[in-house]
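Protein chains in written order, with the working numbering: chain A, 1 to 813; chain B, 1 to 243.
Where is the CB? At the ideal position from N, CA and C, for every residue including glycine.
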Amino acid sequence: MSTETTAGPSEAGPDLSCSHCALPVPASLVEADSDLQFCCHGCRAVYAMIHDQGLGRYYDLIGEDEERGLPARTTGRSYEEFDDPSFHELYVRPAAGGLLATDLYLEGVHCAACVWLVEKVPVRMAGVAEARLDMRQSMARVVWDPAAVQLSTIARFLDALGYAPHPFRGVQAREMRRREDRRLLIKIAVAGAAAGNVMMLAAALYGGMWHGIADEFETLFRWVSLVLALAAMWSASVFFRGAMGSLRARALHMDVPITIGIVAGFGWGVWATLSGQGEIYFDSVTALIFLLLVGRYVQQRRQRSAADAAELLYSLSPSSARLIDAGTVRTVPLEALVPGMRVEVPAGDSIPVDGLVVAGRSDIDASLLTGESRPEHVGEGDGVHAGTLNLSSRIEVQVLAAGENTRVGRLSRLVEESALRRAPVIRLADRISGVFVAVVLALALLTLLIWWRQGAGVAVDHAIALLIVTCPCALGLATPLAVSAAIGRAGREGILIKGGDALERLSRPGRVLLDKTGTLTEGRMELVRWWGDESLKPLVRQVESQVAHPVASALVRGLPEVEAEPEIEVERSADGSGVRGRVAGRDLNIGSPAHVEQLTGPLTETVAGIVRGYADEGLTPVLIACDGSVAAAAGIGDPLRPGSAAAVDELREMGWHVGVLSGDHPGVVAALARRLDIPPEDRQGGATPEEKLRVVERAAAEGSVVMVGDGVNDAAALSAATVGVAVHGGAEAAMAVADVFLTREGIEPLGTLFLGARRTMNVIRLNLIFSLLYNVIGAALAVTGLIGPLVAAVLMPLSSLTVITLSYRARTF
Amino acid sequence: MNAALLGTVFMASLAGSLHCAGMCGGFVAFYSGSEPGRRGRRYLAHLTYNGGRLTSYLILGALAGLLGAAVDLAGSMAGVQRFAAIAAGTLMVAWGVYALIQALDFPIPAVPLPGFILRISSRVSRLVRERPPVIRALLLGLFSTLLPCGWLYAFAVLAAGTGGPWSGMLVMAAFWAGTVPVMLGLGLSLQWLTAPIRRRLPVVTAVVLIAVGLLWLVGRTTMPMHQAHQHPAAETVSSDHVH
Chain A
1 MSTETTAGPS EAGPDLSCSH CALPVPASLV EADSDLQFCC HGCRAVYAMI HDQGLGRYYD
61 LIGEDEERGL PARTTGRSYE EFDDPSFHEL YVRPAAGGLL ATDLYLEGVH CAACVWLVEK
121 VPVRMAGVAE ARLDMRQSMA RVVWDPAAVQ LSTIARFLDA LGYAPHPFRG VQAREMRRRE
181 DRRLLIKIAV AGAAAGNVMM LAAALYGGMW HGIADEFETL FRWVSLVLAL AAMWSASVFF
241 RGAMGSLRAR ALHMDVPITI GIVAGFGWGV WATLSGQGEI YFDSVTALIF LLLVGRYVQQ
301 RRQRSAADAA ELLYSLSPSS ARLIDAGTVR TVPLEALVPG MRVEVPAGDS IPVDGLVVAG
361 RSDIDASLLT GESRPEHVGE GDGVHAGTLN LSSRIEVQVL AAGENTRVGR LSRLVEESAL
421 RRAPVIRLAD RISGVFVAVV LALALLTLLI WWRQGAGVAV DHAIALLIVT CPCALGLATP
481 LAVSAAIGRA GREGILIKGG DALERLSRPG RVLLDKTGTL TEGRMELVRW WGDESLKPLV
541 RQVESQVAHP VASALVRGLP EVEAEPEIEV ERSADGSGVR GRVAGRDLNI GSPAHVEQLT
601 GPLTETVAGI VRGYADEGLT PVLIACDGSV AAAAGIGDPL RPGSAAAVDE LREMGWHVGV
661 LSGDHPGVVA ALARRLDIPP EDRQGGATPE EKLRVVERAA AEGSVVMVGD GVNDAAALSA
721 ATVGVAVHGG AEAAMAVADV FLTREGIEPL GTLFLGARRT MNVIRLNLIF SLLYNVIGAA
781 LAVTGLIGPL VAAVLMPLSS LTVITLSYRA RTF
Chain B
1 MNAALLGTVF MASLAGSLHC AGMCGGFVAF YSGSEPGRRG RRYLAHLTYN GGRLTSYLIL
61 GALAGLLGAA VDLAGSMAGV QRFAAIAAGT LMVAWGVYAL IQALDFPIPA VPLPGFILRI
121 SSRVSRLVRE RPPVIRALLL GLFSTLLPCG WLYAFAVLAA GTGGPWSGML VMAAFWAGTV
181 PVMLGLGLSL QWLTAPIRRR LPVVTAVVLI AVGLLWLVGR TTMPMHQAHQ HPAAETVSSD
241 HVH
């Protein structure tokens, strides 16, 4: 196969020849940057097919010489950490025969040739027993003999091929889900198109039944309907697979009668078309397939949200880190971090790992984990956690744990586990369906037997009528439709609900646990009290405006503003507990009582009393000393939202048992609970995320408990609760994990939510009763032969329509 | 079914079969494999390959003919008789013109290759990899219609134009007959063809397409609609002169 030089569109010079058949390649098919040229698509396809084989033999021919085939290295990484015992602990597992196995995520996998390459070449590397590549996830499973070759060698090899390996984490799961969704949507589109067209043709055929239709048109329409129905049958393969699976598991599932009905209807139609006589039911079959697929799609989307929670929590810690390697700093993916490495965290970045600070000092915002917005000061030797924010200056951190083993990672695992535990809520329809299916099948058989004596055609007619009329689509559609209608209306009220199971559980009163910060309160430090010299207010404000600290911001917000003095000196104390400032000729010392006491001497009774009073109210006391003695005091606290008290009363009236569960200081929580009339046994302060989880789990064991919160520190508790409600302004993780999200501030929407849930359950029950009644009556009519498949096919969509109308017109929210 | 028409198809197929040898000749090497099999087995492999090809071509012809029948029916409703034949002929001429322009190296946009073709090809190649040569040959023959071969599909369009499954099958059978000599005997590569002839080949096949298409359009009135049996040659000859 020669590739001569090209000479453009002329017949004089030699042209490019097809790499496969040696005929000339037309100019429009020339690919400038490819070694292979083809004269037509056929040659390209055949070439691919044959040389799929041929390349293997080529490699056999070039022999054991590895170096020859290898292109230049890509990342040039040494992958030493792949041999590290801690890496092995995390990502390697033993395989049979003393071998080891690991899953690696490979970059740059995008074609079938990659699969071939990855699967064949390392096998030729001594010591590698197996290398299998899953192209969809870009995941390579490698099994090797640790005595013969090291994982780092294998990794370097893969890197040299152009596929840089990383330890595999479920990063591609979302991609796969998106692809699955798209496939289902395509199926729905096909079924919809088929159904629409078949119904048009059916209209013509029905017209023909009454007024006459020429034979050839009738034949044409029937055949075209058949082909279209065939396309819809392809879409319906989802149900066929479900039915096969259910049969294999010996558990009767709703897919079984659906499949039987569809196949029977389609089969009968095919027979009728081929033999030229009898009725065809393609219109009802295709419409059925379309409606069922839509229902399934809606269901699938809802069930997915729980799984996404873990993904989101992972996204809280950054996906890459700045690794300090032999004096240079480079960015590596999070998966590449192993305990013992050092990473650099600049100011303003999120800390990527759990670790120890080895250089630098800074302030850390740990609100992600503790819910406390007050920054924590860290220096060398202090521990830090993944996901927290480095506020003021650059630090270097030695990795203690990365990825799944960090506190954030463990929390996300907890969330995932509790999400999975709750997911399969068996709705009434599903519970009945096993019995329902068996009954319908038995009835169909009975019908066949009863009518057999009157002729096979009649018997099959009635049996099909039964299968079509009793199709559990009404049962199956009732709940999801009512739920989606309710969810839609709730959405318009600013309440976002993730699933029908949440609605079901919220319809009956139980316990409700409220988080404090951000939920019951504003979530922000505000200046609530002031005692002492009023003239100091503007001066304090000016001093505090130079400080980055939530307390300072609160003071700045709450104190009056005046024109700034040009001469101002501000200096923060070494331990961050106070600040010294000199403004307008006065020396001010502002800080915690302990800090100020050190400077001014013991506090007077009055001042001490004020401090005690503030603490009792749950406020943070700040003392202002001017020129050596205490002149004023400020109480900083998180104020209660205006509507909280009324909302709590409303909930109690509805029958709910209200409690408070917070990570904030117990004294503060106690003060708040008193304001809301919540008895001591229903309140708890100072709860860590793990403690919150325990409290919720204990409560969940006794009965239904609704947890309302907004921070990541609530995430595990939100997930373990019967229903988790995330409040406006909450962390993304809380929103992902919760079943309900309130977009309007405060807890007032809770009342609307609970009421709406109760109303929705009523609608669902109504729907179920109606569909059961309909099925019973329809089945009776079909078995007794009073209706044929035609009438059944009309009744069935009618019943669905009724259910749909009932659901959408109900005033739930 | 007009014998003259079948004859045209056969000759056209023969003329273009050199191109077929180029593309599918490689298959012959593939299925006979690198194993130095016995003569007998080699011939058996050839037989099954071509037999498989015939089977799949016939199926294609039948399906195409059915499609043509449906088009005819739809056309007759609109008042146009033998719509399938007209459509087929026109399509062939248009295709031939497109191929000619492409073969003459004029810049004309190429139809892109849909991805699923390559996926099917790789799946088929995996399927046949480990089989014995005879089975491999059969499978390859059966799957050959799935290859994106414009030449083949042009004749499938012609089969559709006949407006009936049986006549469609006959057209494809004639097509197959034209490709057999090359597949069986005349060598697996085109090296023995001198370069100038090789260069001309795509142009030749394009011209053949146009010619057959035109012939078809002209002769369409002698084509009967979906008949299940052949007219004796005499009858069709006499009806040839009835315009």
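> Would you call G187(B) buried or exposed, if buried means 16 or more other Cβ atoms sit within 10 Å of its Cβ?
Replying inline: Locating residue 187(B) in the second sequence gives position 187, where the first residue counts as 1. The predicted position of G187(B) is uncertain, since its pLDDT is 43 and thus under 50; a value taken from the coordinates is nonetheless stated next. Counting every other CB atom within 10 Å of its CB across the protein chains shown gives G187(B) a total below 16, marking it as exposed.
>> In the DSSP output, what is V397(A) paired with across the bridge?
In response: Here residue 397(A) refers to the residue found at position 397 of the first sequence. Per DSSP, V343(A) and V357(A).
> Quick one: complete beta strand (DSSP E) runs, 3+ long, within the stretch 665-743 of chain A?
Replying inline: 705-709, 723-726 and 740-742
> Taking DSSP as the reference, what is the three-state secondary structure of D533(A)?
Replying inline: Residue mapping note: residue 533(A) aligns to position 533 of the first sequence, counting from 1. It is coil, neither helix nor strand.
> Quick one, which of A94(B), W176(B) and V218(B) has its alpha-carbon nearest C20(B)'s?
Replying inline: Within the second sequence, residue 20(B) is the residue found at index 20, counting from 1. Ranking the options by Cα distance to C20(B), first place goes to W176(B).
>> For a quick check, are the C-beta atoms of L818(A) and A687(A) less than 9 Å apart?
In response: Residue 818(A) is absent from the structure shown; chain A starts at 1 and stops at 813.
> DSSP on S10(A), reduced to helix/strand/coil?
Replying inline: What you label residue 10(A) is simply residue 10 of the first sequence in a count that begins at 1. At S10(A), the pLDDT of 37 sits below 50, so the modelled position is not reliable; the number obtained from the coordinates is stated separately. Coil, per DSSP.
>> Does chain A have any CB closer than 9 Å to the CB of L60(B)?
In response: As a first step, residue 60(B) must be located in the second sequence, where it is residue number 60. With 9 Å as the cut-off, L60(B) does not count as an interface residue toward chain A.
>> I need the straight-line Cα distance from L158(B) to W144(A), nearest angstrom please.
In response: On the second sequence, position 158 is the one that residue 158(B) refers to. On the first sequence, position 144 is the one that residue 144(A) refers to. Going from the Cα of L158(B) to the Cα of W144(A) covers about 57 Å.
> So D515(A) packs on D710(A), CB below 8 Å; how close in whole Å?
Replying inline: Mapped onto the first sequence, residue 515(A) falls at position 515. Mapped onto the first sequence, residue 710(A) falls at position 710. Contact holds; Cβ gap of about 6 Å.
>> Under 9 Å, Cβ to Cβ, is there at least one residue of chain A near G16(B)?
In response: The count along the second sequence starts at 1 and reaches residue 16(B) at position 16. No, its Cβ sits nowhere closer than 9 Å to a Cβ of chain A.
>> Within 9 Å of any Cβ in chain A, is that where the Cβ of G187(B) sits?
In response: Residue mapping note: residue 187(B) aligns to position 187 of the second sequence, counting from 1. Residue confidence for G187(B) is low, a pLDDT of 43 falling below 50, so the modelled location carries little weight and cannot support an answer.
> Going by the beta-carbon positions, is the gap between L288(A) and I468(A) smaller than 9 Å?
Replying inline: Counting from one through the first sequence, the residue named residue 288(A) turns up at place 288. Counting from one through the first sequence, the residue named residue 468(A) turns up at place 468. Going by C-beta atoms, L288(A) is nearer than 9 Å to I468(A).
>> So, for G685(A): in the same chain, excluding its five sequence neighbours on each side, which residues have a beta-carbon less than 7 Å away from its beta-carbon?
In response: As a first step, residue 685(A) is located in the first sequence; it is residue number 685 there, counting from the start. Within the same chain, G685(A) has close Cβ partners S662, D664, H665, P666, V668, V669 and A670.
> Roughly how far, in whole angstroms, is the beta-carbon of I262(A) from the beta-carbon of A236(A), given that I think they are within contact range, below 8 Å?
Replying inline: Indexing the first sequence from 1 puts residue 262(A) at position 262. Indexing the first sequence from 1 puts residue 236(A) at position 236. Confirmed, Cβ separation roughly 6 Å.
>> Could you give the first and the last residue of the continuous alpha helix (DSSP H) run that contains V570(A)?
In response: In the first sequence, counting from the first residue as 1, residue 570(A) sits at position 570. No alpha helix (DSSP H) holds V570(A); the beta strand (DSSP E) holding it covers I568 to R572.
>> So F217(A) contacts chain B; which residues on that side make the cut at Cβ distance below 8 Å?
In response: Translated into positions along the first sequence, residue 217(A) becomes position 217. Ordered by position in chain B, the residues that pass the 8 Å Cβ test against F217(A) are L73 and M77.
> Measuring CB to CB, does V607(A) end up less than 9 Å from L623(A)?
Replying inline: As a working note, residue 607(A) is residue 607 in the first sequence. As a working note, residue 623(A) is residue 623 in the first sequence. Against a cut-off of 9 Å, the Cβ pair of L623(A) and V607(A) comes out as a contact.
> Where do the ends of the alpha helix (DSSP H) carrying L337(A) lie?
Replying inline: The residue given as residue 337(A) occupies position 337 in the first sequence. For L337(A), there is no enclosing alpha helix (DSSP H), as DSSP marks it with neither H nor E.
> Using the rule of at least 16 other Cβ atoms within 10 Å of the residue's Cβ for burial, across every protein chain shown, is A174(B) buried or exposed?
Replying inline: Residue 174(B) sits at position 174 when you count from the first residue of the second sequence. Label assigned to A174(B): buried.
> Buried or exposed: which applies to G659(A), given that a residue is buried once 16 or more other Cβ atoms fall within 10 Å of its Cβ?
Replying inline: Residue mapping note: residue 659(A) aligns to position 659 of the first sequence, counting from 1. Buried, since its Cβ has 16 or more Cβ neighbours within 10 Å.
> With C-beta atoms as the reference, is I108(B) less than 9 Å away from S28(A)?
Replying inline: In the second sequence, counting from the first residue as 1, residue 108(B) sits at position 108. In the first sequence, counting from the first residue as 1, residue 28(A) sits at position 28. Taking the C-beta atoms as reference points, S28(A) is found nearer than 9 Å to I108(B).
> Distance, Cα to Cα, V547(A) vs G355(A)?
Replying inline: One-based indexing of the first sequence puts residue 547(A) at position 547. One-based indexing of the first sequence puts residue 355(A) at position 355. Spanning the two alpha carbons is a distance of roughly 28 Å.
> For A264(A), is the classification buried or exposed, using 16 other Cβ atoms within 10 angstroms of its Cβ as the cut-off for buried?
Replying inline: Along the first sequence, one-based indexing puts residue 264(A) at 264. By the 10 Å Cβ count, A264(A) comes out buried.
> Beta carbon of L127(B), beta carbon of L139(B): below 9 Å?
Replying inline: Start at 1 with the first residue of the second sequence, and residue 127(B) comes out as number 127. Start at 1 with the first residue of the second sequence, and residue 139(B) comes out as number 139. For L127(B) and L139(B), yes; Cβs fall inside 9 Å.
> Can you tell which of A700(A), R141(A) and M200(A) has its C-alpha closest to the C-alpha of R93(A)?
Replying inline: Residue numbering aside, residue 93(A) sits at position 93 when the first sequence is read from its first letter. Of the listed residues, the one whose Cα sits closest to R93(A) is R141(A).
> Is it a yes or a no for the stretch 746-766 of chain A touching the stretch 799-812 of chain A, going by three-plus beta-carbon pairs under 8 Å?
Replying inline: yes
> Do you know how far the Cα of A131(A) is from the Cα of E119(A)?
Replying inline: If you number the first sequence from 1, residue 119(A) lands on position 119. If you number the first sequence from 1, residue 131(A) lands on position 131. About 5 Å.
>> Do S17(B) and M183(B) have their beta-carbon atoms positioned less than 9 Å apart in this structure?
In response: Taking the first residue of the second sequence as 1, we reach residue 183(B) at position 183. Taking the first residue of the second sequence as 1, we reach residue 17(B) at position 17. Yes; because the gap between Cβ atoms is below 9 Å, this pair is in contact.
>> Along the chain, where does the alpha helix (DSSP H) containing N2(B) start, and where does it finish?
In response: Position 2 of the second sequence, counted from the first residue, corresponds to residue 2(B). Boundaries for N2(B): no alpha helix (DSSP H) harbours it, and the DSSP string shows neither H nor E there.
> By how many angstroms is the C-alpha of E571(A) removed from the C-alpha of A594(A)?
Replying inline: Numbered from 1 along the first sequence, position 594 holds the residue referred to as residue 594(A). Numbered from 1 along the first sequence, position 571 holds the residue referred to as residue 571(A). Roughly 18 Å between the two C-alpha positions.
> Which one of V345(A), G488(A) and R394(A) has the shortest CA to CA distance from G387(A)?
Replying inline: Taking the first residue of the first sequence as position 1, residue 387(A) is located at position 387. The option with the nearest alpha carbon to G387(A) is V345(A).
> So, helix, strand or coil for P94(A), using DSSP?
Replying inline: Working through the first sequence from its first residue, we reach residue 94(A) at position 94. P94(A) falls in the strand class under three-state DSSP.
>> What would DSSP say about T521(A), mapped onto helix, strand or coil?
In response: For this step, residue 521(A) is matched to residue 521 along the first sequence. Note: T521(A) maps to strand in three-state DSSP.
>> Does R541(A) pass the burial test, meaning 16 or more other C-beta atoms within 10 Å, or should it be called exposed?
In response: The residue given as residue 541(A) occupies position 541 in the first sequence. R541(A) should be labelled buried.
> What is the rounded straight-line gap between the Cα of G278(A) and the Cα of V440(A)?
Replying inline: Residue 278(A) sits at position 278 when you count from the first residue of the first sequence. Residue 440(A) sits at position 440 when you count from the first residue of the first sequence. Between G278(A) and V440(A), the C-alpha separation is close to 24 Å.
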